[in-house]
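These notes are about the structure you will find just below.
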Amino acid sequence: EPEVTQTPSHQVTQMGQEVILRCVPISNHLYFYWYRQILGQKVEFLVSFYNNEISEKSEIFDDQFSVERPDGSNFTLKIRSTKLEDSAMYFCASSATSGPPQYFGPGTRLLVL
Amino acid sequence: AQSVTQPDIHITVSEGASLELRCNYSYGATPYLFWYVQSPGQGLQLLLKYFSGDTLVQGIKGFEAEFKRSQSSFNLRKPSVHWSDAAEYFCAVGNNNAGNMLTFGGGTRLMVKP
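Here you go:
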């Protein structure tokens, strides 16, 4: 069964450093998403992406965040200058052009020190 | 604004007992409703979805959920819980537009007693 994969599974970084989280969506899906879950809180939508453009973004997704589809398989989330409060589990998801549901990857746990 | 409430943060049931996890939503249009499960160290796995039609939907692993518009609820049920069902369960709401965000509830952590 096709799956969404994410790398790395865990990342530890220093405050102020840039991090790139990587995702490989399901191969025939064209909509991609990032969500995050701060420990003990709800899963929150960050951004959706289609046809090399952001479709929708939340107020969390400010200028320190960016997304990119650098090639035909990867989808990345870049956090430009990490803050302590960026520590969270980040989930990538993808969906087919026909709409929901979204299929999620296993997540990357980011710890900012 | 859309929202999802899962009133029970933790639930403990005995293996073999029945299970019901509650989910209430607030949504301005016809909702698309989902239940996801997250086992330790794993991602969010889709259990089932409701788009339209029959309000009782069947999912994987023996789970089912019933959409009740009058109660704005989408409760998840299983007649007989297995120890492997211990996990965190998330209810989510969205719409039928590709690319649209999902709004999640806070999750219910299920523990299963032998």
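Top to bottom, those sequences are chains R and B. Going by my numbering, 11 is the number at position 18 of the first sequence; the sequence numbering is gapless. Here my numbering = 1-based position in the second sequence + 1. Just so you know, even glycine gets a beta-carbon here, dropped at the ideal spot from N, CA and C. Predicted model only: the values in this text are computed from it and were never measured.
CB contact check: residue i to chain R, cutoff 9 Å
i      : result
B:N25  : no
B:M102 : yes
B:L111 : no
B:L77  : no
B:F91  : yes
B:K50  : yes
B:L45  : yes
B:G29  : no
B:G54  : no
B:G17  : no
Through-space distance from residue j to residue i, alpha-carbon basis
i       : j      : result
B:G29   : B:A66  : 21 Å
R:T69   : B:I10  : 32 Å
R:I13   : B:P80  : 43 Å
R:G92   : B:F68  : 20 Å
B:T31   : R:L106 : 43 Å
R:T(-2) : B:G42  : 13 Å
B:V38   : R:F58  : 27 Å
B:F64   : R:Q7   : 42 Å
R:P(-5) : R:S66  : 13 Å
B:H83   : R:V5   : 36 Å
B:V94   : B:P115 : 33 Å
R:S88   : R:I19  : 8 Å
B:Q3    : B:M102 : 10 Å
B:I12   : B:V5   : 18 Å
R:G98   : R:V17  : 9 Å
R:Q95   : R:A86  : 6 Å
R:E11   : R:G33  : 24 Å
B:S74   : R:F84  : 26 Å
Any C-beta of chain B under 9 Å from that of residue i
i     : result
R:E61 : no
R:A86 : yes
R:Q4  : no
R:Q7  : no
R:P94 : yes
R:P1  : no
Simplified DSSP assignment, three categories, for residue i
i      : result
B:S40  : coil
B:G60  : coil
R:R102 : strand
R:L32  : coil
R:E78  : helix
R:Q10  : coil
B:E71  : Reading off the sequence shown, one finds Ser at residue 71 of chain B, where the question assumed Glu. It is helical.
R:S66  : coil
Cutoff 6 Å; reference residue i; Cβ partners in own chain excluding five residues on either side
i     : result
R:I31 : A81
R:F42 : F25, V60
R:V36 : Y28, Q30
R:E49 : S41
Residues near residue i in its chain [Cβ-Cβ closer than 8 Å; skip 5 each side]
i     : result
B:Q59 : L49, E65
R:N45 : R62
Beta-carbon contacts of residue i that lie in its chain and below 7 Å, excluding the five residues immediately before and after
i     : result
B:A88 : V38, Q39, S40, L111
Exercise. According to a CB-to-CB cut-off of less than 7 Å, which residues of the region 33 to 48 of chain R neighbour chain B?
Worked result: Answer set for the region 33 to 48 of chain R: K35, V36, F38, S41, Y43, S48.
For this session: Pull out every residue of the region 60 to 71 of chain B whose Cβ sits closer than 9 Å to any Cβ of chain R, in chain order.
Result: Flagged: no residues at all.
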